[in-house]
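K.L.:
Order-wise, the sequence lines are chains A and B.
According to the numbering used here, the first sequence is numbered sequentially starting from 1.
According to the numbering used here, the second sequence is numbered sequentially starting from 1.
Idealized CB from N, CA, C, for every residue including glycine.
2 protein chains.
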Amino acid sequence: MSDPLYEQLRDRLGELWDIAKIGALAGWDQQTMMPPQGGPVRAMQMATMSKVVHEQLVSDELGRLLEELAPYEESLDYDSDEASLIRVTRRDRDKELRVPAGLREEQARAGAEGFQVWVEARRTSNFELFRPYLERNIELRRRYAECFEADEPYDALLDDFEPGMKTAEVRDVFARLKDGLVPLIAELSQQEIDDSMLHGNFPLEPQKDLERAILGRFGFRPGSWRIDPVEHPFATSFATSDVRMTTRYLLTEFSSIFASMHEGGHALYEHNISPALERTPLCRGASLALHESQSRMFENLVGRSIEFWRWGYPHAQQLFPEQFGGVTVEDFHRAINKVQPSLIRIEADEATYSLHIILRFELEQELLAGTVDVAALPQIWTERMDEYLGIDVPDDARGVLQDVHWSRGTLGYFPTYALGNVVSVQIWEKVREDVRDLESHLEQGELAPLTDWLRERLWRHGRKFTPQETLERVVGGGMDPEPYLRYLSTKLGALTA
Amino acid sequence: MSDPLYEQLRDRLGELWDIAKIGALAGWDQQTMMPPQGGPVRAMQMATMSKVVHEQLVSDELGRLLEELAPYEESLDYDSDEASLIRVTRRDRDKELRVPAGLREEQARAGAEGFQVWVEARRTSNFELFRPYLERNIELRRRYAECFEADEPYDALLDDFEPGMKTAEVRDVFARLKDGLVPLIAELSQQEIDDSMLHGNFPLEPQKDLERAILGRFGFRPGSWRIDPVEHPFATSFATSDVRMTTRYLLTEFSSIFASMHEGGHALYEHNISPALERTPLCRGASLALHESQSRMFENLVGRSIEFWRWGYPHAQQLFPEQFGGVTVEDFHRAINKVQPSLIRIEADEATYSLHIILRFELEQELLAGTVDVAALPQIWTERMDEYLGIDVPDDARGVLQDVHWSRGTLGYFPTYALGNVVSVQIWEKVREDVRDLESHLEQGELAPLTDWLRERLWRHGRKFTPQETLERVVGGGMDPEPYLRYLSTKLGALTA
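Shown next as structure tokens:
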């Protein structure tokens with residue numbers, strides 16, 4: 001039935017994707033399992049893996065195959081798996097061809113080395129140790145951006161994570177977001193909310209028990225996932241039936257469960273891609289913002305809702321009686337939603353979170369343009385944290401060194417977090433239209449009506465469609481910050497009502 | 001200084017070895033960390049990784065480079081790293097060229113699938129579940145052997161693990177071994193040794209504490225190793241500074257520490273290869289028998305010696321007071337060396353161990369020749385275990401399914417275990433000539449004089465020399481079972497003296 005040339009493409013991309021996934025495994029291992037002294041060689045190994053993927057993608061054989069498949073592609077539905085694989089691969093290859101193999105390899109190596117040094121620099125709050133690695137990473141990104149024709153250099157970086165989106169569009173969404181957030185935060189910061197029960201004594205084993213109980217409701221197929229502790233949490237997958245979450249346990253804060261639910265949202269997306277797309281480059285999320293919309297949905301729209309904790313809180317009380325024994329679910333819910341400008345992005349509340357992102361988005365553009373000097377970065381970071389959030393930065397570990405992204409040379413990624421917030425609520429509103437009794441399901445700890453909806457409308461399609469097409473299919477329009485602002489104002493405004 | 005063509009070779013082999021090592025990481029992950037449902041896709045990924053390594057090794061570019069480097073090679077010392085890399089790569093490539101890529105890929109896939117099924121088959125003691133996978137693996141090995149010109153098909157399989165050694169030589173060594181062992185075992189089995197303290201209650205955490213204390217004496221550089229629990233222990237490495245041991249904890253037997261010391265010996269070998277050989281195909285052991293000589297040395301010559309336990313036993317007593325509190329180190333030493341024919345190879349004593357191997361060596365030759373039918377294997381296994389060791393096999397899990405090797409299609413590997421025993425004592429006798437006070441060092445838990453000797457004479461050279469050359473350099477001769485038989489008879493004979 002299928003075209004023999006298409007079968008060739010399928011085989012070739014199967015192998016390409018095998019190598020890409022095992023390269024990703026090398027990265028997972030680096031962060032979760034690898035003895036630290038393995039770092040330097042691992043950096044070279046990961047660079048080689050990237051190079052092999054690159055070589056396979058730009059190979060003449062693949063180019064010829066894609067050309068020869070043009071008539072077959074035209075004979076197919078645009079929405080079919082086959083047409084999508086041909087279309088997306090052609091786009092990937094055209095983009096990849098613009099970047100010399102040597103540059104990609106250098107980026108991979110510099111990224112892996114930068115990561116190793118960052119771990120140590122962050123531990124000792126030593127920005128100077130990290131500075132030359134960051135400089136090198138930025139210089140390499142500049143050279144990378146130059147490989148593309150774009151309205152501005154940042155467009156090229158953004159396109160890797162949010163294909164087709166322009167920096168100018170992000171600026172527009174962020175401006176509307178900032179306009180809504182600044183007065184909202186000013187108002188919400190006046191709230192007197194007691195969150196002392198979230199600080200204290202949270203032993204590891206009960207944390208893991210709660211995590212198991214909650215992730216157990218996410219509907220992962222048994223024997224298909226794991227979760228491990230790391231410095232900076234992330235999720236990845238090596239097959240739809242092998243998804244890996246990570247988290248970070250703090251023994252004095254009730255916070256890891258939100259990181260786990262966040263990564264759980266990412267993992268659900270990759271876990272529920274159609275098996276027909278396994279071992280193809282379509283077997284991942286449509287874009288980072290769409291990916292992040294899922295992690296933020298499970299972290300916040302589910303994971304910070306009063307409904308979900310009506311089911312979950314009795315478990316938490318049983319596991320942490322000293323902390324939660326005398327606290328009502330309503331007070332707990334207020335505490336986990338407290339708006340309070342703070343130092344650390346991943347611990348920020350839902351309202352201030354986007355300001356952390358806007359800071360990074362601005363700095364990335366300036367670093368790339370060279371209008372901000374790397375050596376001056378800690379100083380500028382400190383100044384803007386004060387200006388945007390009224391926060392004192394006590395040291396670089398809790399300032400400019402807090403995030404892993406730049407250590408790997410990843411610029412253009414941060415904006416997708418805030419865009420993910422925006423999209424998460426756009427999708428949530430659609431779910432609520434279709435699943436009328438969503439809240440009462442959440443109160444029973446029943447996530448299946450939600451996950452069934454998401455699987456059918458979003459997850460199973462993987463990367464078949466562009467982010468714009470995907471969003472249009474799911475919510476019937478483009479990115480719009482209004483639902484997110486409306487949600488924040490309604491939910492957070494009610495906390496002290 | 002160095003030839004630019006040689007630098008090209010070095011770069012090319014660096015990448016080849018990166019891919020091979022990350023392929024090995026995929027195998028480590030499969031056995032230690034992977035959620036079981038990841039198995040089918042992982043099998044394909046591993047097959048692809050093998051294929052890429054194969055393609056790079058047989059590439060025309062590498063062939064040309066090796067040809068062009070012939071004059072440079074001749075200008076160098078035979079012993080130099082450079083000449084060795086060229087020489088060994090040429091040999092590897094010539095061998096690899098004989099095997100079609102498709103066959104290698106099929107072997108890798110069948111091996112990974114076989115492994116998955118074996119785990120389940122062993123758990124449920126269901127040989128029939130595993131049978132078709134074993135049949136396929138053997139058929140693939142037959143086709144593999146046909147790719148080579150050899151005196152007998154088994155030579156081709158053996159050569160993968162013990163390059164240059166012939167099946168006939170193994171038969172000869174094993175015949176001499178069997179002649180010495182049979183009367184020795186008959187005599188030693190008469191000994192009345194109480195080993196009841198080794199069975200009982202061994203909680204996990206104290207086992208890990210003892211393991212840490214003992215591996216802590218092995219001299220691994222900090223941050224360069226880890227050990228994880230698995231079904232069937234093994235050791236591997238992804239860099240000289242990233243070595244991975246595995247072990248299996250039983251809570252009712254004092255046995256895991258011997259598995260850990262065994263894998264520790266393997267790990268020390270790869271950990272101590274010269275850094276100059278990092279990221280080259282020379283960066284592994286010279287052969288499996290030489291590798292195994294190191295694991296058996298640390299498991300048995302160190303790990304079952306009265307001297308080492310004079311240091312280690314007080315720790316063990318403290319950790320397991322219920323089991324060892326009232327037992328002298330002499331009685332403990334007798335117990336851990338008790339000769340008693342038993343079911344499980346990896347739990348066998350030093351004297352009967354080689355008979356387990358000889359059984360497998362015979363069966364592998366017969367399976368390959370087709371003179372033994374796979375369906376009849378459990379029956380034949382049972383008969384021969386009775387004949388050789390006087391042992392009843394209660395089920396296949398503790399019989400023919402006990403070892404992982406055949407599940408991955410690995411035939412020709414088993415003999416290297418017994419050859420490793422033989423070589424371990426040949427080397428040990430040399431160490432004792434040079435390190436006169438070795439015993440008193442062991443009594444202090446001081447392994448450095450031993451490991452320094454081994455690093456200098458054996459480990460650092462990696463795979464620069466053939467196994468025969470390597471053995472000649474270390475012990476001044478070929479394989480000889482006499483020292484091993486002498487050692488067994490002296491040590492074990494003295495236990496009840």
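#1: From the DSSP output, in three-state form, read off Glu-253(A) for me.
#2: Give me the residue from Glu-482(B), Leu-215(B) and Leu-140(B) with the minimum Cα distance to Trp-406(B).
#3: Locate the alpha helix (DSSP H) running through Ser-84(A), then write down its first and last residues.
#4: Taking just the CA atoms, how far does Leu-454(B) sit from Arg-171(B)?
#5: Once DSSP output is grouped into helix, strand and coil, what is the label at Ile-227(B)?
#6: Looking at the unbroken alpha helix (DSSP H) that takes in Ala-239(B), where does it start and where does it end?
#7: In terms of residue numbering, what span does the alpha helix (DSSP H) encompassing Val-329(B) cover?
#8: Tell me, which residues are paired with Thr-246(B) by DSSP?
#9: Going by beta carbon distance, what residues of the same chain come within less than 6 Å of Pro-481(A), once the five residues before and after it are set aside?
#10: Could you give the C-beta distance for Val-58(A) and Gly-23(A), rounded to a whole number, given that I count them as a contact under 8 Å?
#11: Out of Ala-418(B), Glu-322(B) and Thr-280(B), point me to the one whose CA is closest to His-356(B)'s CA.
#12: Straight-line CA distance for Gly-409(B) to Glu-113(B)?
#13: Taking the alpha helix (DSSP H) that Arg-473(A) falls in, what are its first and last residues?
#14: Count the other C-beta atoms from every protein chain shown that fall within 10 angstroms of the C-beta of Glu-192(A), then say buried if there are 16 or more, exposed otherwise.
#15: Between Lys-464(B) and Asp-81(B), which are expected to be in contact by the criterion C-beta below 8 Å, what is the C-beta distance as a whole number of angstroms?
#16: Using a Cβ-Cβ cut-off of 8 Å (strictly less than) and excluding sequence neighbours within five positions of Leu-5(A), which residues of its own chain qualify?
#17: Grab me the residues of Gly-399(A)'s own chain with a C-beta within less than 8 Å of its C-beta, minus the 5 sequence neighbours each way, in chain order.
#18: Apart from the five residues just before and just after His-266(B), which ones in its own chain have a Cβ nearer than 7 Å to its Cβ?
#19: Just how far apart, CA to CA, sit Asp-331(B) and Asn-137(B)?
#20: Give the list of continuous beta strand (DSSP E) stretches no shorter than 3 residues that lie fully inside the stretch 12-39 of chain B.
#21: What are the uninterrupted segments assigned as alpha helix (DSSP H) that are 4 or more residues long and contained completely in the stretch 374-413 of chain A, given in chain order?
#22: Determine, using beta carbons only, whether Asp-228(B) and Thr-240(B) come nearer to each other than 8 Å.
#23: Listing by chain order, which chain B residues have their CB less than 7 Å from the CB of Leu-25(A)?
#24: Give every residue of the same chain whose Cβ lies closer than 7 Å to the Cβ of Arg-457(B), excluding the five residues on either side of it in the sequence, and list them in chain order.
#25: Terminal residues of the continuous alpha helix (DSSP H) containing Gly-63(A)?
#26: Relative to the alpha-carbon of Pro-415(B), which residue among Asp-151(B), Leu-16(B) and Thr-167(B) has its alpha-carbon at the smallest distance?
#27: With the cut-off set at 8 Å, would you say Ala-26(A) and Met-44(A) are in Cβ contact?
#28: For chain A, is any of its Cβ atoms less than 8 Å away from the one on Ala-110(B)?
#29: Measure from the alpha carbon of Asp-195(B) to the alpha carbon of each residue in Phe-324(B), Gln-468(B), Leu-13(B) and Ser-305(B), then state which is nearest.
#30: In terms of alpha-carbon separation, which member of Ser-189(A), Ala-397(A) and Ile-346(A) lies closest to Ser-489(A)?
#31: Please report the residue range of the alpha helix (DSSP H) in which Gly-493(B) lies.
#32: Can you find the residues in the same chain that come closer than 6 Å, C-beta to C-beta, to Arg-122(A), ignoring five residues on each side of it along the sequence?
#33: Considering Leu-198(B), what are the terminal residues of the alpha helix (DSSP H) in which it resides?
#34: Once you ignore the five residues that flank Glu-135(B) on each side, which residues in its own chain have a CB closer than 7 Å to its CB?
#35: Of all the residues that make up the stretch 216-239 of chain A, which are near chain B by a beta-carbon distance shorter than 7 Å?
#36: Find out if the Cβ-Cβ distance for the pair Glu-364(B), Leu-411(B) is shorter than 8 Å.
P.N.:
On the basis of the coordinates in this document:
#1: The residue you call residue 253(A) lines up with position 253 of the first sequence. It is a strand residue.
#2: Residue mapping note: residue 406(B) aligns to position 406 of the second sequence, counting from 1. Checking every option, the nearest Cα to that of Trp-406(B) belongs to Leu-140(B).
#3: As a first step, residue 84(A) is located in the first sequence; it is residue number 84 there, counting from the start. Start and end: 81-97.
#4: As a position in the second sequence, residue 171(B) is number 171, starting the count at 1. As a position in the second sequence, residue 454(B) is number 454, starting the count at 1. So the two alpha carbons sit approximately 28 Å from each other.
#5: By 1-based counting over the second sequence, the position of residue 227(B) is 227. In this structure, Ile-227(B) counts as strand in the three-state DSSP scheme.
#6: In the second sequence, the residue the question calls residue 239(B) occupies position 239. Counting along the chain, Ala-239(B) falls outside any alpha helix (DSSP H), though it belongs to the beta strand (DSSP E) covering 235-239.
#7: Taking the first residue of the second sequence as 1, we reach residue 329(B) at position 329. Where Val-329(B) is concerned, the enclosing alpha helix (DSSP H) stretches over 329-336.
#8: Your numbering for residue 246(B) matches position 246 in the second sequence. Asp-228(B), per the DSSP bridge assignment.
#9: The count along the first sequence starts at 1 and reaches residue 481(A) at position 481. The residues are Val-173, Arg-176, Leu-177 and Val-422.
#10: One-based indexing of the first sequence puts residue 58(A) at position 58. One-based indexing of the first sequence puts residue 23(A) at position 23. About 16 Å separates the two Cβ atoms, so there is no contact after all.
#11: The residue labelled residue 356(B) in the question sits at position 356 within the second sequence. When only C-alpha atoms are compared, the closest one is Ala-418(B).
#12: The residue you call residue 409(B) lines up with position 409 of the second sequence. The residue you call residue 113(B) lines up with position 113 of the second sequence. Approximately 10 Å, taken between the alpha carbons.
#13: Position 473 of the first sequence holds residue 473(A). It spans 467-475 - the alpha helix (DSSP H) in which Arg-473(A) sits, taken as one unbroken run.
#14: Taking the first residue of the first sequence as position 1, residue 192(A) is located at position 192. Classification of Glu-192(A): exposed, given that the 10 Å Cβ count is below 16.
#15: Sequence index remark: in the second sequence, residue 464(B) carries index 464 (1-based). Sequence index remark: in the second sequence, residue 81(B) carries index 81 (1-based). Sure, about 7 Å apart at Cβ, within 8 Å.
#16: As a position in the first sequence, residue 5(A) is number 5, starting the count at 1. So the qualifying residues of the chain are Leu-65, Glu-68, Leu-69 and Tyr-72.
#17: Counting from 1 along the first sequence, the entry for residue 399(A) is found at position 399. For Gly-399(A), where only same-chain residues beyond five positions count, the Cβ hits under 8 Å are Leu-343, Pro-378, Trp-381, Thr-382, Met-385 and Val-393.
#18: Numbered from 1 along the second sequence, position 266 holds the residue referred to as residue 266(B). Cβ neighbours of His-266(B) beyond the five flanking positions: Ala-235, His-291, Gln-294 and Ser-295.
#19: For the purposes of this step, residue 331(B) is taken as residue 331 along the second sequence, with counting starting at 1. For the purposes of this step, residue 137(B) is taken as residue 137 along the second sequence, with counting starting at 1. Looking at the two C-alpha atoms, the distance is approximately 45 Å.
#20: none
#21: 377-389
#22: Counted from its first residue, the second sequence places residue 228(B) at position 228. Counted from its first residue, the second sequence places residue 240(B) at position 240. No, these two residues do not count as a Cβ contact at 8 Å.
#23: Taking the first residue of the first sequence as position 1, residue 25(A) is located at position 25. The answer, in chain order, is Leu-25, Ala-26 and Asp-29.
#24: Looking up residue 457(B) in the second sequence gives position 457. Correct list, in chain order: Val-474.
#25: As a first step, residue 63(A) is located in the first sequence; it is residue number 63 there, counting from the start. Here the alpha helix (DSSP H) through Gly-63(A) covers 60-68.
#26: For this step, residue 415(B) is matched to residue 415 along the second sequence. Ranking Asp-151(B), Leu-16(B) and Thr-167(B) by Cα distance to Pro-415(B) puts Thr-167(B) first.
#27: Position 26 of the first sequence, counted from the start, is the residue given in the question as residue 26(A). Position 44 of the first sequence, counted from the start, is the residue given in the question as residue 44(A). In this structure, Met-44(A) does not lie closer than 8 Å to Ala-26(A) by Cβ.
#28: Against the second sequence, residue 110(B) aligns to sequence position 110. False, the Cβ-Cβ gap to chain A never drops below 8 Å.
#29: The sequence position of residue 195(B) within the second sequence is 195, counting from 1. Asp-195(B) has its Cα closest to that of Phe-324(B), out of Phe-324(B), Gln-468(B), Leu-13(B) and Ser-305(B).
#30: Locating residue 489(A) in the first sequence gives position 489, where the first residue counts as 1. That would be Ser-189(A), whose Cα lies nearest to the Cα of Ser-489(A).
#31: Taking the second sequence and counting its residues from 1, the one referred to as residue 493(B) is at position 493. Start and end: 482-493.
#32: On the first sequence, residue 122(A) is found 122 positions in, with the first residue counted as 1. Closer than 6 Å at the Cβ level, and outside the excluded window around Arg-122(A), lie Ala-397 and Leu-401.
#33: Locating residue 198(B) in the second sequence gives position 198, where the first residue counts as 1. Segment: none, Leu-198(B) is in no alpha helix (DSSP H) and carries neither H nor E.
#34: Against the second sequence, residue 135(B) aligns to sequence position 135. Answer for Glu-135(B): Val-374, listed in chain order.
#35: Arg-221, Gly-223, Ser-224, Trp-225, Arg-226, Phe-238 and Ala-239
#36: Residue 364(B) sits at position 364 when you count from the first residue of the second sequence. Residue 411(B) sits at position 411 when you count from the first residue of the second sequence. The answer is yes: Cβ separation under 8 Å.
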